[in-house]
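Peer 1:
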């Protein structure tokens, strides 16, 4: 039952690619009630020749990313359910102390995401579990008993055949896609070597071939095929009496970017250590031409020499045995993306054209389920915000960018990647008009949505003397990496005087026309039918009432609304608004991100500074909080918006991008007598924000939590309908299962006496060290962490079960293998600094 | 015992063969390279002889710079050193034999045994071994499926229809061997690493004026993958049994 004879004339949806993702997706679509589904592959079944067919098929569930861990855990659940999972256990071994520290961090991530069975083990314990490991070259290991291997081809076959058996799916192997017909931005039909199918929904699950298929529709799937080298040696005497496929735990030799995994009598040795070897989708041979499968390229021996030396060091007992031969060696192709994450969701270019690509076997079934939910219900249970294909800006889809970042990311597959770590390749793509000034001021640039944005300014080092003991120095190298005490000094100068911020990375778009109000009302949780000149900060909800985004909307006219949102998620927000415009075409959406620059000015002196530049009335009465209007600053007409993300009096100032430098100079000169400083995103995004307990999308706000839990359900529910309203009303009437709290750290001193500062994503535990679990089975973890220079404390945000969410509650946070006492400071949106918000509203 | 094994870098042709536009060569963009199975057996046989009785195995290839990969592979199987006659040109059988003879004469000591594959995996001319033997005035036995050396003589088993012919020749001699002579080993990891440290004598060579002209290549009918999917799961079992019975193995 692998093939149905005749291609149907039309289909509810066509899924291209019968690898782990496509098979899983059709199964879940059928489960969710979709019928008339078609699955195509140009290769034969059950192994059409893509990356699934040569995958090493093992799964380590722990990842620092919550999203990837959730997808992996759901996949393991599905693999287990269909009995294609064999638990073997897995050990990540460390050869260095720096790696041990990283493994401690992995234990913390495991606990934060609810994987309880992991632990650090000694070299002797590693040896006991895997007798062929040479324990003298390692200093320890991170043991996860629930690691295992899967039969991904078998899983795919079961999934596909179940969907077929339900009558919802027909399958066509050896069927080549020739073209995708698009009309007015929507998918109309698919052309194949067996004929055409009329359909409004096409999903590209083509792995390394995906970019080529997307291009047929004028869309882009920014990934590159890349080589992962693997050899298979055997027969291994240690495995002589092995009955199953695997009896020994899989070893990941993290510091050499390699793994060793038993496969019956053989041992697979894989590597992510070699030079990045990237290919083009067009270069991949056809099934017919390929000697093995199309995605198994000839092995390039020279790239593997160092890896053999490294493997020999770790498992000499196996590899020094001359009777153990290299039986098979390939350059297997896999998909790499610019940021290492999958490419899921509807493409922003073409309605009805979906991508489920750059997915590995470990998360395949979870992705299949989540994308099926997204397609059928408009959202998935697991938040896919980091994997949303709409996240990319134009330049990030370019071949050069994709290849540069993929090459840079490849060798970090097992890397120790700092949460603040910056990319080195393809920088300086988007430069704000303030950039030359910032360079002169010694800005340390971090990248945001391709923009170069100051994180702090070295020229502010002089402030360190001014604030002396109020500035925390971090003793541990890890926490001082990608950080500077200058950030805290800039923060204090802002609170004392004023600071200028480069906010050019904001994503800005206008919604205009007779249907503009309807559009913003539909998408935004808060009332948008406000007076012209009002600024509204609003959550954007998913249909089930969790966070899709949070952003600010300015009403600039009866039929003009300007949305301002963070750069990182801006493109996805733009798509979400565009998708919710009325069918009659009465609302237009215009991306103004590259048209406007934004300069932020905040601090007690900011009113005086602006007043010195304008004849407009900047008084509180004339220009109240949460309003915007055009003012004249010198010769510039500036859209000023009085809001704040740092808890100070101040304005966002918008001008056309070519006038940005002039604006900077005006404010700079006017600010100088007031002791104004330039301040970086270290203040804006962390210290200033956290002292005010402002929530951030992707940190506190995601699809796992709702507005009530986030403590943001103030005011009445507006009467017009909006996405997620029904769920939101229900959530308001129910008891929240978790409460977002602000905690402060009581004691930073580690066992070694060095003071340590958690950076976020650590598990929060009871004082007895037990994990905190809420009624929805979510663990408590630190959503954001950072210094609060004005309150002299390190601040953590975390969702806590209601019984733990009382002010004064004493808890622990686990960081790098040690536990530190913390206390709940506030259990609602009340900030720890300036709780009455007098500064913002002064 | 000093043994020379001659090998040739050839593409691995598991899939459909595609020619270059000018039909002068195989499109090798997607292909890996190797030596022929005959030559693998030749190297294995030489290595076993030297492992048992001492001596040296030298492996020789005439080919482009990349042919060094195949020489390293042979050294990973146990050859002690390599001679690389480097040339990017295509050589015919006569010219190849001439270059090999010259290389053999340039050696400090003569070889006791010179081993070739019965024919190359790409052009299949069946000539080079015989031409080399003729030029060196050595006895040659072709198509060997068995080889035993004793007391300065080689007992050679040549496969013929319904049996084997046995030849007994004095050493030094030239033999050309066929797949099935032995079961070649897989290289171990230490052997691979050792191979990287073994010496390669690199000698650039220039082909003499060509006396043969290649007109064009043609891919014969019926090339490419012959796999047929019989079914999947337990339902496929009867069909598999039918095929096995047809093949006479069940």
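Residue numbers (my numbering), protein chains in the order written: chain A, 4 to 845; chain B, 10 to 259.
All residues carry an ideal CB built from backbone N, CA and C; glycine is no exception.
Source: prediction; values computed, not measured.
#1: Need the endpoints of the alpha helix (DSSP H) that residue 232 of chain A sits in, please.
#2: List the DSSP bridge partners of residue 158 of chain A.
#3: Three Cβ pairs or more, each shorter than 8 Å: is that satisfied between the segment 570-589 of chain A and the segment 490-505 of chain A?
#4: Taking Cβ positions only, does residue 231 of chain B come closer than 7 Å to chain A?
#5: Rounded C-beta distance between residue 455 of chain A and residue 438 of chain A? I'm assuming under 8 Å.
#6: Flag this pair as yes or no: are the beta carbons of residue 124 of chain B and residue 51 of chain B separated by less than 7 Å?
#7: For residue 7 of chain A, would you say it is in contact with chain B, using Cβ-to-Cβ distances shorter than 7 Å as the test?
#8: Are there 16 or more other CB atoms within 10 angstroms of the CB of residue 323 of chain A, so buried, or fewer, so exposed?
#9: Using a Cβ-Cβ distance cut-off of 7 Å, determine whether residue 5 of chain B contacts chain A.
#10: Do residue 242 of chain B and residue 187 of chain B have their C-beta atoms within less than 7 Å of each other?
#11: Alpha carbon to alpha carbon, how far is residue 839 of chain A from residue 826 of chain A?
#12: State buried or exposed for residue 779 of chain A, treating a residue as buried only when at least 16 other CB atoms are found within 10 Å of its CB.
#13: Which residues of the segment 186-214 of chain B have a Cβ closer than 8 Å to any Cβ of chain A? Give them in chain order.
#14: Anything in chain B within Cβ reach of residue 261 of chain A, meaning under 8 Å, just list it in chain order.
#15: Determine the closest residue to residue 220 of chain A out of A:239, A:844, A:183, with distance taken between C-alpha atoms.
#16: Closer than 8 Å, Cβ to any Cβ of chain A: which residues of the segment 17-42 of chain B, in chain order?
#17: Can you tell me whether DSSP reads residue 199 of chain B as helix, strand or coil?
#18: For residue 450 of chain A, would you say it is in contact with chain B, using Cβ-to-Cβ distances shorter than 7 Å as the test?
#19: In chain A, which residues lie with their C-beta within 8 Å of the C-beta of residue 66 of chain B?
#20: Quick one: is residue 152 of chain A buried, meaning 16 or more other Cβ sit within 10 Å of its Cβ, or exposed?
#21: Just reading off the beta strand (DSSP E) that residue 167 of chain B is part of, what are its end residues?
#22: So, does the CB of residue 238 of chain B fall closer than 7 Å to a CB anywhere in chain A?
#23: Considering only DSSP beta bridges, list what residue 96 of chain B is partnered with.
#24: Does the segment 217-228 of chain B come within contact of the segment 110-120 of chain B, defined as at least 3 CB pairs closer than 8 Å?
#25: Could you please tell me which residues of the segment 307-327 of chain A, in chain order, have their CB closer than 8 Å to any CB of chain B?
#26: Would you mind stating whether residue 19 of chain B and residue 91 of chain B have Cβ atoms separated by less than 7 Å?
#27: Look at residue 148 of chain B and residue 182 of chain B and say whether their C-beta atoms are less than 7 Å apart.
#28: Can you pull the chain B residues whose beta carbon is under 9 Å from the beta carbon of residue 302 of chain A, in chain order?
#29: Does DSSP put residue 867 of chain A in a helix, a strand or coil?
#30: What does residue 329 of chain A reach in chain B if we use C-beta pairs closer than 8 Å?
#31: Do the CB positions of residue 658 of chain A and residue 639 of chain A come within less than 7 Å of each other?
#32: Give the residues from the segment 224-242 of chain A that approach chain B closer than 9 Å (Cβ to any Cβ), ordered along the chain.
#33: Can you tell me whether DSSP reads residue 88 of chain A as helix, strand or coil?
#34: Can you give the Cα-Cα distance for residue 474 of chain A and residue 612 of chain A, rounded to whole angstroms?
#35: Name the residues in the segment 43-57 of chain A whose C-beta lies less than 8 Å from a C-beta of chain B; which are they?
#36: So, is residue 86 of chain A buried or exposed, given that buried needs 16 or more other C-beta atoms within 10 angstroms?
Peer 2: For this structure:
#1: By 1-based counting over the first chain, the position of residue 232 of chain A is 229. Here residue 232 of chain A belongs to no alpha helix (DSSP H); instead the beta strand (DSSP E) covers 227-237.
#2: Mapped onto the first chain, residue 158 of chain A falls at position 155. Beta-bridge partners of residue 158 of chain A (DSSP): none assigned.
#3: At 8 Å Cβ cutoff, the stretches do not touch.
#4: The count along the second chain starts at 1 and reaches residue 231 of chain B at position 222. Not a single C-beta of chain A is nearer than 7 Å to the C-beta of residue 231 of chain B.
#5: On the first chain, position 452 is the one that residue 455 of chain A refers to. On the first chain, position 435 is the one that residue 438 of chain A refers to. About 6 Å; that satisfies the 8 Å criterion.
#6: In the second chain, residue 124 of chain B corresponds to position 115, counting from 1. In the second chain, residue 51 of chain B corresponds to position 42, counting from 1. If you check the CB distance, residue 124 of chain B and residue 51 of chain B come in under 7 Å.
#7: Taking the first chain and counting its residues from 1, one reaches residue 7 of chain A at position 4. With a pLDDT of 44 at residue 7 of chain A, under the threshold of 50, the modelled position of that residue is not reliable, and the figure given next carries that caveat. So no, residue 7 of chain A is outside the interface.
#8: Indexing the first chain from 1 puts residue 323 of chain A at position 320. Exposed is the call here.
#9: Given a span of 10 to 259 for chain B in the structure shown, any question on residue 5 of chain B remains unanswerable.
#10: As a first step, residue 242 of chain B is located in the second chain; it is residue number 233 there, counting from the start. As a first step, residue 187 of chain B is located in the second chain; it is residue number 178 there, counting from the start. The answer is no: Cβ separation not under 7 Å.
#11: Position 836 of the first chain, counting from 1, holds the residue named residue 839 of chain A. Position 823 of the first chain, counting from 1, holds the residue named residue 826 of chain A. In this structure, the alpha-carbon of residue 839 of chain A lies about 21 Å from that of residue 826 of chain A.
#12: Mapped onto the first chain, residue 779 of chain A falls at position 776. With a threshold of 16 other beta carbon atoms within 10 Å, residue 779 of chain A falls short and is exposed.
#13: Contacts with chain A (Cβ-Cβ distance below 8 Å) from the segment 186-214 of chain B involve 194, 195, 196, 197, 198, 199, 200, 201, 202, 205, listed in chain order.
#14: For the purposes of this step, residue 261 of chain A is taken as the residue at position 258 of the first chain. Simply none; closest approach about 13 Å.
#15: Numbered from 1 along the first chain, position 217 holds the residue referred to as residue 220 of chain A. Ranking the options by Cα distance to residue 220 of chain A, first place goes to A:183.
#16: Within the segment 17-42 of chain B, 21, 22, 23, 24, 25, 27, 38, 39, 40, 41, 42 place their CB atoms closer than 8 Å to a CB of chain A, listed in sequence order.
#17: Stepping through the second chain from its first residue, residue 199 of chain B is reached at position 190. In this structure, residue 199 of chain B counts as helix in the three-state DSSP scheme.
#18: Start at 1 with the first residue of the first chain, and residue 450 of chain A comes out as number 447. With 7 Å as the cut-off, residue 450 of chain A does not count as an interface residue toward chain B.
#19: Here residue 66 of chain B is taken as the residue at index 57 of the second chain, counted from 1. Chain A residues near residue 66 of chain B: none, gap ~16 Å exceeds 8 Å.
#20: On the first chain, residue 152 of chain A is found 149 positions in, with the first residue counted as 1. In summary, residue 152 of chain A is buried, with 16 or more beta-carbon neighbours lying within 10 Å of its beta-carbon over all protein chains present.
#21: Locating residue 167 of chain B in the second chain gives position 158, where the first residue counts as 1. Secondary structure note for residue 167 of chain B: its beta strand (DSSP E) is the uninterrupted segment 162-169.
#22: One-based indexing of the second chain puts residue 238 of chain B at position 229. With 7 Å as the cut-off, residue 238 of chain B counts as an interface residue toward chain A.
#23: Walking along the second chain from the start, residue 96 of chain B turns up at place 87. Looking at the DSSP output, residue 96 of chain B sits in no beta bridge, so it has no partner there.
#24: When C-beta atoms of the segment 217-228 of chain B are compared with those of the segment 110-120 of chain B, fewer than three pairs fall below 8 Å, so the two segments do not count as touching.
#25: When CB distances to chain B are screened at a threshold of 8 Å, the residues of the segment 307-327 of chain A falling below it are 308, 311, 312, 314, 315, 322, 323, 324, 325, 326, 327, in chain order.
#26: Here the question's residue 19 of chain B lines up with position 10 in the second chain. Here the question's residue 91 of chain B lines up with position 82 in the second chain. Cβ atoms of residue 19 of chain B and residue 91 of chain B: not closer than 7 Å.
#27: Position 139 of the second chain holds residue 148 of chain B. Position 173 of the second chain holds residue 182 of chain B. Yes, the Cβ-Cβ distance between residue 148 of chain B and residue 182 of chain B is below 7 Å.
#28: Against the first chain, residue 302 of chain A aligns to sequence position 299. Under the 9 Å cutoff, chain B gives 41.
#29: Because chain A in this structure spans residues 4 to 845, residue 867 of chain A falls outside the shown range and cannot be described.
#30: In the first chain, residue 329 of chain A corresponds to position 326, counting from 1. In chain order: 195, 196, 197, 198, 201.
#31: Counting from 1 along the first chain, the entry for residue 658 of chain A is found at position 655. Counting from 1 along the first chain, the entry for residue 639 of chain A is found at position 636. Closer than 7 Å, so yes.
#32: Taking a C-beta cut-off of 9 Å against chain B, the contacting residues of the segment 224-242 of chain A are 234, 236, 237, listed in chain order.
#33: Residue mapping note: residue 88 of chain A aligns to position 85 of the first chain, counting from 1. The answer is strand: DSSP assigns residue 88 of chain A an E or B state.
#34: In the first chain, the residue the question calls residue 474 of chain A occupies position 471. In the first chain, the residue the question calls residue 612 of chain A occupies position 609. Straight-line Cα distance between these residues: approximately 27 Å.
#35: From the segment 43-57 of chain A, only 47, 48, 49 have a Cβ closer than 8 Å to chain B.
#36: If you number the first chain from 1, residue 86 of chain A lands on position 83. Its Cβ having fewer than 16 others within 10 Å, residue 86 of chain A is exposed.
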